[in-house]
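In this note's numbering, the protein residues as written are 68 to 274.
Let me begin by presenting the structure, written as structure tokens, before commenting on it.
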């Protein structure tokens, strides 16, 4: 009888419940193994390089069409405008998908920035910067950039190319580039300074 009670108490032990494997833990374990594998990392590198090369290729094509480099190859003006429209739509889609995909996390950061309760989580996430001002600047820049990218997509997808105001697209594209570059550059500089500071402290500790 005592052995039976002992076995029951063991199966209901809190320690055993904490260490027992659950479906969530199993999924996390396999996900971690998958993302840390060389095959997955190589695939990510190939996708990123392919994306960058595609952006460069379509952007160069658009620049050449707008600069008149294709006038002899494609003498028809309407055909050239169609290709300019195709280039613009492809580039818009390539920027729209990743930027809008990250928008929920951008909005989360923005909410935590203005919430005293959740601001420590934001500071912990960007632990390489102790200045909430700089974190706020690139957080707002990322969100505003997403807004301009969405506005560009709405204009391209809802207005015919013959009726689309050129000045509107020029303003939206200009502000989208400015906010995107500003947020990315500020975040990159702050992160690099933090890495240099950590490296300098390590060198001093060894000396």
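Cβ coordinates follow ideal geometry from the N, Cα and C atoms, glycine included.
Since the model is a prediction, treat every value here as computed from it, not as a measurement.
According to DSSP, is residue i helix, strand or coil?
i           : result
residue 197 : coil
residue 126 : helix
residue 215 : helix
residue 136 : coil
residue 183 : coil
residue 104 : coil
residue 89  : coil
residue 289 : Here the chain covers residues 68 to 274 and nothing more, so residue 289 does not appear.
residue 227 : coil
residue 109 : helix
residue 244 : helix
residue 202 : helix
residue 74  : Reliability fails at residue 74, whose pLDDT of 48 lies under 50, so the model's placement of it is uncertain and the value that follows must be treated cautiously. DSSP places residue 74 in helix when its eight states are reduced to three.
residue 141 : coil
residue 169 : coil
Less than 7 angstroms between C-beta atoms, sequence neighbours within five positions excluded: which residues of the same chain meet that for residue i?
i           : result
residue 157 : 125
residue 254 : 205
residue 170 : 213
residue 195 : 257, 258, 261
residue 244 : none
residue 159 : 219, 220, 223
Considering only residues of the same chain and omitting the five flanking positions on each side of residue i, which have a CB-CB separation below 6 angstroms?
i           : result
residue 168 : none
residue 242 : 215
residue 228 : 152
Give every residue of the same chain whose Cβ lies closer than 8 angstroms to the Cβ of residue i, excluding the five residues on either side of it in the sequence, and list them in chain order.
i           : result
residue 161 : 118, 121, 122, 125
Query raised in the report: Is the stretch 176-188 in contact with the stretch 130-150, if contact means three or more CB pairs nearer than 8 angstroms?
Result: no
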